[in-house]
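Below is one structure; the comments refer to it alone.
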Amino acid sequence: MTTFVRNQWYVAAYGHEIGRELFGRTILGESIVFYRAESGEVVALADRCVHRRFPLSESRLDGDTIVCGYHGFTYDRAGTCVFVPGQKRIPRTARVKAYDVVEQDSFVWVWIGDGPPEVSPPRAPWLADPAYTTVCGMEPLAARYELLVDNLLDLSHETYLHGGYIGTPEVAETPITTEVDEDAGVIYVSRRMADAACPPFYAKSTGIEGRITRWQDIEYHPPCLYLLHSRIAPAGVLPREDGTDPDGFHVEVVYAITPETEHSTHDFWAVARDFALEDQGVSDFLAENNRTVVLQDVVALNVLEQVIATEPAGYQELSINIDTGGLAARRILKRMAAT
Ligand code: FES
200 MTTFVRNQWY
210 VAAYGHEIGR
220 ELFGRTILGE
230 SIVFYRAESG
240 EVVALADRCV
250 HRRFPLSESR
260 LDGDTIVCGY
270 HGFTYDRAGT
280 CVFVPGQKRI
290 PRTARVKAYD
300 VVEQDSFVWV
310 WIGDGPPEVS
320 PPRAPWLADP
330 AYTTVCGMEP
340 LAARYELLVD
350 NLLDLSHETY
360 LHGGYIGTPE
370 VAETPITTEV
380 DEDAGVIYVS
390 RRMADAACPP
400 FYAKSTGIEG
410 RITRWQDIEY
420 HPPCLYLLHS
430 RIAPAGVLPR
440 EDGTDPDGFH
450 VEVVYAITPE
460 TEHSTHDFWA
470 VARDFALEDQ
480 GVSDFLAENN
490 RTVVLQDVVA
500 LNVLEQVIAT
510 EPAGYQELSI
520 NIDTGGLAAR
530 RILKRMAAT
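Spelled out as structure tokens, the structure:
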């Protein structure tokens, strides 16, 4: 069964998705309407009119107020109803929930909880850093978010599911190290390949010919933010003793895993690189290639969701070393859901 973790920040959208058009998106089963106020700030309100539940996202923006498209109840950016048709008195309960929003690192984060935010959203600074060039997208996933968490924390599947794109034999062959910061609730999974084949994803984008040293350092901030620090260099080339790394190519792969419903997920993905910053050909290649990889995962996880949803409960999975990070994530998500 899916376990939603409430009282957390979730990525609702990219900043570029939200403008002066009303924009509806469901997060953890809550229908929310977003728009950008005239000041530029993002507003998020419950997407159901208090009168007869007409979606406000199907309504009209008038200045900073939303005029319901059914009978005209009008809401300000705090969710307070400021006009009802046919009478002067506005019922005291005529308001919709207003959500706390933070826009940072090109993401719009929304707080899904019962009270005010207790913490700040985690960071993915590369996405808005001029020292990096980023390509990004979002694919709808018809599967519970836990399947995407499992998928991203065990990259050995790259060898089998993403061969010809990002997978090579060395990914599955190389053991991982896993660390869990219990206090911060962050999971780290590293796989460092000293001498590996260079998959097309990196060969074509970096121009490296021949074998590579390839590091994959995962940092998962449950429930929503997943970071993969990827370092590629010609085989044997390591960072310098002073910590600088001019001969390495760095790619920050960022996922935001946002449950839509118990059985569907918004799969946000972004790839930020610190090389070939102005090269549109590299951007186009990485965007197309990474989207293909994400869609390969989507197809596999959609199948898995159908299997899980239609078969009786009680199936006993078998876990091995590669699952250490995924199992830690399950444990922490369960703990977070219970608090
Ligand atoms: Fe919105 Fe009637 S449903 S005004």
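Numbering (the working numbering), first residue to last: 200 to 538. C-beta atoms are modelled at their ideal positions from N, C-alpha and C, and glycine is treated no differently. Note that the structure is a prediction, hence the values are computed from the model and not measured.
**Asked** How is the beta strand (DSSP E) around ALA455 delimited, first residue to last?
**Response** Reading the sequence shown from its first residue, position 256 is the one you call residue 455. DSSP places ALA455 in the uninterrupted beta strand (DSSP E) bounded by 448-460.
**Request:** Using only alpha-carbon positions, find the residue among THR264, ASP304 and TYR344 that is nearest to VAL497.
**Result:** For the purposes of this step, residue 497 is taken as the residue at position 298 of the sequence shown. If we check each option's Cα against that of VAL497, TYR344 comes out closest.
**Asked** Would the C-beta of PHE474 count as close to the ligand FES, meaning under 6 Å from any of its heavy atoms?
**Response** Here residue 474 corresponds to residue number 275 of the sequence shown, with the count starting at 1. False, no ligand heavy atom lies under 6 Å from that Cβ.
**Message:** Let me check you understand the geometry: is the CB of ARG251 closer than 6 Å to at least one non-hydrogen atom of the ligand FES?
**Reply:** Numbered from 1 along the sequence shown, position 52 holds the residue referred to as residue 251. Yes, Cβ of ARG251 sits closer than 6 Å to a heavy atom of the ligand FES.
**Request:** Give every residue of the same chain whose Cβ lies closer than 7 Å to the Cβ of GLN495, excluding the five residues on either side of it in the sequence, and list them in chain order.
**Result:** Locating residue 495 in the sequence shown gives position 296, where the first residue counts as 1. Closer than 7 Å at Cβ, skipping near neighbours: LEU360 and HIS361.
**Prompt:** Between CYS280 and the ligand FES, is the CB less than 6 Å from at least one heavy atom?
**Reply:** Indexing the sequence shown from 1 puts residue 280 at position 81. No - the ligand FES has no heavy atom lying nearer than 6 Å to the Cβ of CYS280.
**Asked** Closest by CA to PHE474, which one among ASN206, ALA277 and THR405?
**Response** On the sequence shown, position 275 is the one that residue 474 refers to. If we check each option's Cα against that of PHE474, THR405 comes out closest.
**Request:** Have a look at VAL452, ALA212 and CYS267 and flag the residue whose alpha-carbon is nearest the alpha-carbon of ILE226.
**Result:** By one-based count along the sequence shown, residue 226 stands at place 27. Checked all of VAL452, ALA212 and CYS267; the closest Cα to ILE226 is ALA212.
**Item:** Segment contact flag, the stretch 372-387 with the stretch 439-457, C-beta cutoff 8 Å, min 3 pairs
**Value:** no
**Request:** Return helix, strand or coil for PRO539, following the three-state DSSP convention.
**Result:** Nothing in the structure corresponds to residue 539, since the chain is present only between 200 and 538.
**Prompt:** Within 6 Å: the Cβ of TYR142 and any heavy atom of the ligand FES?
**Reply:** Any answer about residue 142 is impossible in this case: the structure gives the chain only from 200 up to 538.
**Item:** Within the stretch 372-427, ranges of the beta strand (DSSP E) (whole runs, at least 3 residues)
**Value:** 376-380, 385-395 and 411-420
**Distance CB(PHE253)-CB(CYS267) smaller than 7 Å** = Taking the sequence shown and counting its residues from 1, the one referred to as residue 253 is at position 54. Taking the sequence shown and counting its residues from 1, the one referred to as residue 267 is at position 68. With respect to the 7 Å criterion, PHE253 and CYS267 are classified as neighbours on the basis of their beta carbons.
**Asked** Would you say TRP208 and TRP308 are within 7 Å of each other, going by their C-beta atoms?
**Response** Along the sequence shown, one-based indexing puts residue 208 at 9. Along the sequence shown, one-based indexing puts residue 308 at 109. Yes.
**Asked** Under the three-state reduction of DSSP, which class applies to TYR331: helix, strand or coil?
**Response** Stepping through the sequence shown from its first residue, residue 331 is reached at position 132. Coil at TYR331, not helix or strand.
**Request:** Check each candidate in SER258, GLY262, GLU216 and LEU255 and name the one with the smallest Cα separation from SER238.
**Result:** Locating residue 238 in the sequence shown gives position 39, where the first residue counts as 1. Considering only alpha carbons, the answer is GLY262.
**Request:** Go ahead and pull the three-state DSSP assignment for ILE519.
**Result:** On the sequence shown, position 320 is the one that residue 519 refers to. Correct three-state label for ILE519: coil.
**Request:** Let me know the secondary structure DSSP gives VAL309 once reduced to three states.
**Result:** Your numbering for residue 309 matches position 110 in the sequence shown. Reduced to three states, the DSSP call for VAL309 is strand.
**Request:** Rounded to whole angstroms, what's the CA-CA distance from ALA330 to LEU476? Just pull it up for me.
**Result:** As a first step, residue 330 must be located in the sequence shown, where it is residue number 131. As a first step, residue 476 must be located in the sequence shown, where it is residue number 277. Straight-line Cα distance between these residues: approximately 8 Å.
**DSSP-derived helix/strand/coil call for VAL590** = Look at the range of the chain in this structure, 200 to 538, and you will see that residue 590 is not part of it.
**Asked** Excluding five sequence neighbours on each side, which residues of the same chain lie with their C-beta closer than 6 Å to the C-beta of ILE265?
**Response** The count along the sequence shown starts at 1 and reaches residue 265 at position 66. Closer than 6 Å at the Cβ level, and outside the excluded window around ILE265, lie LEU255, SER258 and TYR274.
**Bridge-paired residues (DSSP) for ILE362** = For the purposes of this step, residue 362 is identified with residue 163 of the sequence shown, where counting begins at 1. Position check: residue 362 holds Gly in this sequence, whereas Ile was assumed. In the DSSP output, where bridge partners are listed per residue, GLY362 has GLY366.
**Prompt:** When the distance is taken between beta carbons, is ILE386 closer than 7 Å to GLY285?
**Reply:** By 1-based counting over the sequence shown, the position of residue 285 is 86. By 1-based counting over the sequence shown, the position of residue 386 is 187. Going by C-beta atoms, GLY285 is not nearer than 7 Å to ILE386.
**Status (buried if at least 16 other CB within 10 Å, exposed otherwise) for SER518** = If you number the sequence shown from 1, residue 518 lands on position 319. It is exposed - the Cβ of SER518 has fewer than 16 other Cβ atoms within 10 Å.
**Message:** With a threshold of 7 Å between beta carbons, is GLU418 in contact with chain B?
**Reply:** Here chain B cannot be found, since the structure has a single protein chain.
**Message:** Please state the DSSP three-state secondary structure of ASP275.
**Reply:** Residue mapping note: residue 275 aligns to position 76 of the sequence shown, counting from 1. Of the three classes helix, strand and coil, the one that applies to ASP275 here is coil, per DSSP.
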